[in-house]
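Student: Under this note's numbering, the first residue of the sequence shown carries the number 659, and numbering increases by one thereafter.
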Amino acid sequence: MDVFGGLKAYDFGEVHFKFDRATGLKAIVAIHDSRMGPALGGCRFIEYDRDEDALVDALRLARGMTYKAALAGLAHGGGKSVIIRPKTRFDRVALLLAFGRFIDDLRGHYITAEDSGTGLEDMEIVRGVTKHVTGVDPSHGGSGDPSPFTALGVRRGIEASVKHRLGRDSLEGVHVAVQGVGHVGYWLCKELHDQGARLSVADIDPLKAERAQRELGASVVSLEEIFEIECDVLAPCALGSALNDRTIPRIKARIVAGAANNQLAEPRHGDDLHARGILYAPDYAINAGGLVNVAQEVKGYDAGKAREKTMKIYDTIFDIAERSQKMGSPTYRVADTIVEEKLATVSRLSVPPAPMKA
Ligand code: NAD
């Protein structure tokens, strides 16, 4: 891979690599943008076929974090880190401590958190060697599991979409089809159920779908049916790329609003949804609740403030829907434009550092 060509293509200025001889740690920290503040984003700990796949993953994800943080009004830039999971036996604690020292060397320019393959216990280990970590245990002043906050934000985004597209002030009787009832999907179903919504769910894990049926009265449908069911809202809460050439033509819902990251298989699928008259709540705008919660930890965790800020996702989604309607432009492009204008304003306002005196 042409490394600097890759950085240019993803519009990056800063990537840090670490190979720790003693532990064998191979890690990457990608900082996409720090104009709004220190970069914040999770750490993946997964296997990659090739080292360059890990780099591309970090670049792609860090860029998304810049957009998510800026749109949520956080004083943070976007970053992401990756620990390449060794294919042979390894000492997890030693790798995490080496990773923590790597983060500490960056002196707060990047703040880490949980992501795929890492959890609360891992962040507790990292916390042993650096303070630039979030998502630690509530008993240590941390914010804990971000999923309930992500779900709260998605519920608020669904409410805004329902108001805008269906002219309804409440979710009472609104039918929502939830694809994936894992951490966020389950909490979202609870939120929606409490607001009187009717639920249909699908999950590759039948036990998870059955739990939503048992506890929340959801109807369980097949993995394919969830896309074509007659409903008001489709909420993708599983993996990325749920909205693609195969699924979009079958969607009957007038709104797509869910938690999953990278829901559009390609940007053009956002145009397809728009052309079909479906209101799409851009993923990074609606699923920012978990990030809002973690960002609160940097200042000294206050669950009330995190909740208050997450509730404002309603305004963000409503504003995007409104602008999209006025401009005749797809919502994903409207959201990108709002962020790019914000970042450009910060660039113009920031004063370049004074030259050093001899
Ligand atoms: P999770 O792994 O707990 O849940 C995902 C669920 O989707 C699982 O129950 C899984 O069985 C199911 N699933 C997988 N493939 C499926 C398919 N084809 N059809 C139906 N169900 C399928 O993950 P999560 O933490 O709930 O995250 C869900 C999505 O939300 C991910 O895209 C994640 O990146 C995104 N997200 C999560 C958070 C958070 O706070 N956890 C924050 C922002 C975005």
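The C-beta atom is built at its ideal place from N, Cα and C for all residues, glycine as well.
Kindly indicate which three-state DSSP category A961 falls into: helix, strand or coil?
Tutor: Mapped onto the sequence shown, residue 961 falls at position 303. In the structure shown, A961 sits in a helix (DSSP, three-state: H, G or I).
Student: Where DSSP assigns a beta bridge to E672, which residues make up the other side?
Tutor: As a first step, residue 672 is located in the sequence shown; it is residue number 14 there, counting from the start. For E672, which the question treats as bridged, DSSP gives the partners I689.
Student: Quick check on V791: does DSSP put it in helix, strand or coil?
Tutor: Translated into the one-based positions of the sequence shown, residue 791 becomes position 133. Three-state result, V791: strand.
Student: Under 8 angstroms by Cβ, that's how I've got G800 and Y959 pegged, so tell me the actual separation to the nearest angstrom.
Tutor: On the sequence shown, position 142 is the one that residue 800 refers to. On the sequence shown, position 301 is the one that residue 959 refers to. Sure, about 7 angstroms apart at Cβ, within 8 angstroms.
Student: Counting Cβ pairs closer than 8 angstroms, one from the segment 741–754 and one from the segment 676–688, do we hit at least three?
Tutor: A contact exists between the segment 741–754 and the segment 676–688.
Student: Have a look at E980 and I936 and give me their C-alpha separation to the nearest angstrom.
Tutor: Here residue 980 corresponds to residue number 322 of the sequence shown, with the count starting at 1. Here residue 936 corresponds to residue number 278 of the sequence shown, with the count starting at 1. Computed Cα separation, rounded: 14 angstroms.
Student: CB-CB under 6 angstroms to S877, same chain, minus the five flanking residues each way: which ones, in chain order?
Tutor: The count along the sequence shown starts at 1 and reaches residue 877 at position 219. Excluding positions up to five away in sequence, the list reads S858.
Student: At a cut-off of 7 angstroms, is D852 close to the ligand NAD when judged by its beta-carbon and the heavy atoms of the ligand?
Tutor: Within the sequence shown, numbered from 1, the residue matching residue 852 stands at position 194. No.
Student: Please state whether the Cβ-Cβ distance between L949 and Y938 is less than 8 angstroms.
Tutor: By one-based count along the sequence shown, residue 949 stands at place 291. By one-based count along the sequence shown, residue 938 stands at place 280. No, these two residues do not count as a Cβ contact at 8 angstroms.
Student: Does DSSP classify S739 as helix, strand or coil?
Tutor: Here residue 739 corresponds to residue number 81 of the sequence shown, with the count starting at 1. In this structure, S739 counts as strand in the three-state DSSP scheme.
Student: Would you check if the distance between the CB atom of T770 and the CB atom of H790 is smaller than 8 angstroms?
Tutor: Here residue 770 refers to the residue found at position 112 of the sequence shown. Here residue 790 refers to the residue found at position 132 of the sequence shown. Cβ distance < 8 angstroms, so T770 and H790 count as in contact.
Student: Which word fits R823, buried or exposed, when buried means at least 16 other C-beta atoms lie within 10 angstroms of its C-beta?
Tutor: Counted from its first residue, the sequence shown places residue 823 at position 165. Answer is buried; the Cβ neighbour count reaches 16.
Student: Among the residues of its own chain, which have a CB less than 6 angstroms from the CB of I884, if the five just before and after it don't count?
Tutor: Along the sequence shown, read from residue 1 onward, the residue named residue 884 stands at position 226. Excluding sequence neighbours, I884 sits near A835, Q837 and A860.
Student: Could you tell me whether any non-hydrogen atom of the ligand NAD is closer than 7 angstroms to the CB of H841?
Tutor: If you number the sequence shown from 1, residue 841 lands on position 183. Within the cutoff, so yes.
Student: Based on Cα-Cα distance, which residue from G663, L754, K963 and M985 lies nearest to L732?
Tutor: As a working mapping, residue 732 is identified with position 74 in the sequence shown. Here the closest residue by C-alpha is K963.
Student: Tell me whether Q837 sits in a helix, a strand or coil according to DSSP, three-state version.
Tutor: For this step, residue 837 is matched to residue 179 along the sequence shown. Of the three classes helix, strand and coil, the one that applies to Q837 here is strand, per DSSP.
Student: Tell me whether S774 sits in a helix, a strand or coil according to DSSP, three-state version.
Tutor: Position 116 of the sequence shown, counted from the first residue, corresponds to residue 774. Coil, per DSSP.
Student: Between G800 and the ligand MN, is there a pair consisting of the residue's CB and a ligand heavy atom that are separated by less than 7 angstroms?
Tutor: This structure lacks the ligand MN; its bound ligands are the ligand NAD.
Student: Do you know whose CA, among S982, Q921 and D715, lies nearest S819's CA?
Tutor: Mapped onto the sequence shown, residue 819 falls at position 161. Ranking S982, Q921 and D715 by Cα distance to S819 puts S982 first.
Student: Less than 7 angstroms between C-beta atoms, sequence neighbours within five positions excluded: which residues of the same chain meet that for S899?
Tutor: Locating residue 899 in the sequence shown gives position 241, where the first residue counts as 1. So the qualifying residues of the chain are N920 and A923.
Student: With hydrogens ignored, establish whether the beta-carbon of C889 is closer than 7 angstroms to any heavy atom of the ligand NAD.
Tutor: On the sequence shown, position 231 is the one that residue 889 refers to. C889 Cβ: outside cutoff for every heavy atom of the ligand NAD.
Student: Going by DSSP, name the residue or residues bridged to P796.
Tutor: To locate residue 796, count along the sequence shown from 1; it is residue 138. P796 pairs with nothing; no bridge assigned.
Student: Please tell me whether G854 and L829 are closer than 8 angstroms, where the distance is taken between their beta carbons.
Tutor: The residue labelled residue 854 in the question sits at position 196 within the sequence shown. The residue labelled residue 829 in the question sits at position 171 within the sequence shown. It is a contact, given that the beta carbons lie within the stated cut-off.
Student: Sorry if obvious, but does the Cβ on G898 come closer than 7 angstroms to a heavy atom of the ligand NAD?
Tutor: Here residue 898 refers to the residue found at position 240 of the sequence shown. Correct: G898 has its Cβ closer than 7 angstroms to the ligand NAD.
Student: Tell me the DSSP secondary structure of K684 in three-state form.
Tutor: As a working note, residue 684 is residue 26 in the sequence shown. Reduced to three states, the DSSP call for K684 is strand.
Student: Using only the alpha-carbon positions, how far apart do K1015 and R759 sit?
Tutor: Position 357 of the sequence shown, counting from 1, holds the residue named residue 1015. Position 101 of the sequence shown, counting from 1, holds the residue named residue 759. Because K1015 carries a pLDDT of 48, less than 50, the predicted location of this residue cannot be relied on, and the following value inherits that uncertainty. Roughly 33 angstroms between the two C-alpha positions.
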